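What follows is a set of notes on a single structure, which appears directly below.
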Amino acid sequence: MPMTEQASGAHHPQPRPRSGGQSSAPERVTGAQSLIRSLEEVGADTVFGIPGGAILPAYDPLMDSTRVRHVLVRHEQGAGHAATGYAQATGRVGVCMATSGPGATNLVTPIADAHMDSVPMVAITGQVASKAIGTDAFQEADIVGITMPITKHNFLVTKAEDIPRVIAQAFHIASSGRPGPVLVDIAKDALQAQTTFSWPPTMDLPGYRPVTKPHAKQIREAAKLITSARRPVLYVGGGVLKAQATTELKVLAELTGAPVTTTLMALGAFPDSHPLHVGMPGMHGSVTAVTALQKADLIVALGARFDDRVTGKLDSFAPHARIVHADIDPAEIGKNRAADVPIVGDAREVIADLVQAVQKEHGEGHRGDYEAWWKDLNRWRETYPLGYDQPGNGSLSPQQVIERIGQLAPEGTIFAAGVGQHQMWAAHFIRYEKPATWLNSGGAGTMGYAVPAAMGAKAGAPERAVWAIDGDGCFQMTNQELTTCALNNIPIKVAIINNGALGMVRQWQTLFYNQRYSNTVLHSGPEADGKQPGAGTRVPDFVKLSEAMGCYAIRCESPDDLDKVIEEANSVNDRPVVVDFIVHEDAMVWPMVAAGTSNDEIMAARDVRPDFGDNEDD
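Following this note's numbering, the numbering of the sequence shown begins with 1 at its first residue and continues without gaps.
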């Protein structure tokens, strides 16, 4: 199988296989014991998984490990998303484990999700015995073949002696260069066989050499463009978080004075409250951020990939801008938008070098004049701020619910969101001041992500409060992991933004399908007496369901009770908490750029197109 280096974003540090100066003496063990010992040595402390026949040999020595905690999930998809949440919250490689066949295929969605969002994860699956591979044996699935397009690399292990080397390589590949998921599929007979274990193994990765140090000439060219531009924008993607480059980013932004936009995957990379921050770009980005990119004469993309949700109709995106594109994955540069100055390298090293190069330009008297640019940007900020209307019928506004959760949460709280309207409202109305405080499924848009990701984050960072902001649709996909949380002392908090519908799809039906709500209503129809039921999804009853899974559960339907209920939820820390917020069903996410249209056609609200009142276009 060819080793391919897929990479964009930036380097995510992870403890290397511990050589630590002390190698372990060779000893006779089973392949399964070798696997658990290898996980201990690479620094894995938490594994999310479910046992089954093919992986069962590994679960026996796992019981004896004092260094690896196993969290028994209720569904393999939960294991995968929990590994992702763990990785995003801690910066370490997340680990999940499943058996062969359906156990392994249930990991496909979280593996694809981690691949899209460049999350360092190692998925370990059991496989049928090596001689049975290819015979359609019981619970056999070619998981290596299935996951090849959605992993950074994957391995099939059929010999016990290969296990330490493969585990060491898997963790190194997952965490270096552009992070991503790596699958290790191990045949059952390899787990059962006797072998000799010693550490550290010799890693053999010919051709895998991620470039981390940027080319000095390209850095100088970028610095010259920054200091000569009139309308620059720093377009910051999730790679800056992966590279742990947020300190360097703040220095660069303040040195240049250029506006900063942070993508959905980069929230927290630059403080929301910073005066240079103009918001999140994209389909539901702020008017100022979207317009800044459109009218820029220079875009400095750092660990971002010009994806369709940011660019809108690609051929109309930022028509007057020259592009500096810095990324650790050379395949991303020029993929969607040609770069005038391509820079391959780790975001932390790129930004640090850019700071020095810009300082040199300033020392030579070359300094950008952005006064007119900021006059425009500030006018747009003042004219088109983010906001929302309170429902006229006295019901709860979903935006207000999420805003108050953010305001009343303890400092350092981690927020994990599902996918849809509540995800966008959580992106807009919670303030993200620090890295690793916002987790979401950006590239894949995976419903059901929030609860298990929050579980993984809390398992990895037990000292921090973790709120999952979920929808009543998303919640019904993976809420069984609340049982896992209750039984494993993982006290997350879940806010269900319950509007009785698949909200974002319903919004599209409202705007583009003449309000024909085909299969987006989640609540029940009229009662037997002809009366309409209460608002929101009531079947299932989320409070009763959550209580049955060992949670503390509350329902909130009135704005008058909002703060009291949130504070009650924050006060309970001995078990998971679920709050069922019954919110207005017609609330929409604004601003919005309709799919397939130009960012120039952004709508600030329904039937409200911004009037920029300028004629500065070149």
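Quick reminder that beta carbons are idealized off the backbone N, C-alpha and C, glycines included. Since the structure is predicted, the reported quantities are computational estimates derived from the model, not experimental observations.
Checklist entry - So P281 packs on T261, CB below 8 Å; how close in whole Å? => result In the sequence shown, the residue the question calls residue 281 occupies position 281. In the sequence shown, the residue the question calls residue 261 occupies position 261. Contact holds; Cβ gap of about 5 Å.
Checklist entry - What whole-angstrom Cβ distance do A279 and T263 have, given they're in contact under 8 Å? => result Indexing the sequence shown from 1 puts residue 279 at position 279. Indexing the sequence shown from 1 puts residue 263 at position 263. Residue 279 is actually Gly in this sequence, not Ala. That pair is no contact at about 11 Å.
Checklist entry - V290 to A594, Cα distance in whole Å? => result Stepping through the sequence shown from its first residue, residue 290 is reached at position 290. Stepping through the sequence shown from its first residue, residue 594 is reached at position 594. Their backbone Cα atoms lie some 13 Å apart in a straight line.
Checklist entry - Which residues bound the alpha helix (DSSP H) around K224? => result Here residue 224 refers to the residue found at position 224 when the sequence shown is read from its first residue. Segment 216 to 228, the alpha helix (DSSP H) holding K224.
Checklist entry - Along the chain, which unbroken stretches of the beta strand (DSSP E) at least 3 residues long are found entirely within the region 32 to 112? => result 46 to 49, 69 to 72, 94 to 98
Checklist entry - Among A114, A347, D185, R165, which one has its Cα closest to the Cα of M151? => result The count along the sequence shown starts at 1 and reaches residue 151 at position 151. It is Thr, not Met, that sits at residue 151 in the sequence shown. It is A114 whose Cα lies nearest to the Cα of T151.
Checklist entry - When the distance is taken between beta carbons, is P120 closer than 8 Å to G180? => result Counting from one through the sequence shown, the residue named residue 180 turns up at place 180. Counting from one through the sequence shown, the residue named residue 120 turns up at place 120. Yes, the Cβ-Cβ distance between G180 and P120 is below 8 Å.
Next on the checklist: Let me check understanding here. Comparing Cα to Cα, which of P435, A338, G52 lies closest to G103?
Outcome noted: Within the sequence shown, the letter at position 103 stands for residue 103. Checked all of P435, A338, G52; the closest Cα to G103 is G52.
Checklist entry - Residue range of the alpha helix (DSSP H) that R381 falls in? => result Counting from one through the sequence shown, the residue named residue 381 turns up at place 381. Looking at the DSSP string, the run of the alpha helix (DSSP H) that includes R381 is 371 to 383.
Checklist entry - Considering only residues of the region 197 to 285, which uninterrupted beta strand (DSSP E) runs meet the minimum length of 3 residues and lie entirely inside it, listed in chain order? => result 232 to 236, 260 to 262, 277 to 279
Checklist entry - Whose CA, out of I582, I566, C551, lies closest to the CA of S558? => result Position 558 of the sequence shown, counted from the first residue, corresponds to residue 558. Checking every option, the nearest Cα to that of S558 belongs to I582.
Next on the checklist: Please classify H274 as buried or exposed, where buried requires at least 16 other C-beta atoms within 10 Å of its C-beta.
Outcome noted: Here residue 274 corresponds to residue number 274 of the sequence shown, with the count starting at 1. Classification of H274: exposed, given that the 10 Å Cβ count is below 16.
Checklist entry - Do you know how far the Cα of T90 is from the Cα of L191? => result For the purposes of this step, residue 191 is identified with residue 191 of the sequence shown, where counting begins at 1. For the purposes of this step, residue 90 is identified with residue 90 of the sequence shown, where counting begins at 1. L191 and T90: Cα-Cα distance of roughly 30 Å.
Checklist entry - Touching or not, the region 299 to 314 and the region 595 to 602, by the rule of three or more beta carbon pairs under 8 Å? => result yes
Next on the checklist: Assuming contact is defined by CB atoms lying nearer than 8 Å, are A292 and A326 in contact in what I supplied?
Outcome noted: As a position in the sequence shown, residue 292 is number 292, starting the count at 1. As a position in the sequence shown, residue 326 is number 326, starting the count at 1. No. Outside cutoff.
Checklist entry - Under the rule that 16 or more other beta-carbon atoms within 10 Å means buried, what is H81, buried or exposed? => result For the purposes of this step, residue 81 is taken as the residue at position 81 of the sequence shown. Buried, by the Cβ-count rule.
Next on the checklist: Quick check on DSSP: helix, strand or coil for G473?
Outcome noted: Residue mapping note: residue 473 aligns to position 473 of the sequence shown, counting from 1. In this structure, G473 counts as helix in the three-state DSSP scheme.
Checklist entry - Are at least three pairs of beta-carbons, each pair with one atom in the region 126 to 136 and one in the region 162 to 178, less than 8 Å apart? => result no
Checklist entry - Opposite P181 in the DSSP bridges: which residues? => result Taking the sequence shown and counting its residues from 1, the one referred to as residue 181 is at position 181. P181 pairs with M121.
Next on the checklist: Using the three-state DSSP reduction, which class does I333 fall into: helix, strand or coil?
Outcome noted: Within the sequence shown, residue 333 is the residue found at index 333, counting from 1. I333 falls in the coil class under three-state DSSP.
Next on the checklist: Classify P385: buried if its beta carbon has 16 or more other beta carbons within 10 angstroms, exposed otherwise.
Outcome noted: Locating residue 385 in the sequence shown gives position 385, where the first residue counts as 1. Classification of P385: exposed, given that the 10 Å Cβ count is below 16.
Item to check | For L396, the nearest candidate out of N499, Q480, G345, I554 (CA to CA) | outcome: Here residue 396 refers to the residue found at position 396 when the sequence shown is read from its first residue. Nearest C-alpha to L396: N499.
Checklist entry - Buried or exposed: G268, going by 16 or more other Cβ atoms within 10 Å of its Cβ? => result For this step, residue 268 is matched to residue 268 along the sequence shown. Under this definition G268 is a buried residue.
Checklist entry - Thinking C-alpha only, which one of R37, G78, R67 is nearest C474? => result Counting from 1 along the sequence shown, the entry for residue 474 is found at position 474. Among R37, G78, R67, the Cα nearest to that of C474 belongs to G78.
Checklist entry - Which residue comes first and which comes last in the beta strand (DSSP E) that contains K493? => result Counted from its first residue, the sequence shown places residue 493 at position 493. Segment 493 to 498, the beta strand (DSSP E) holding K493.
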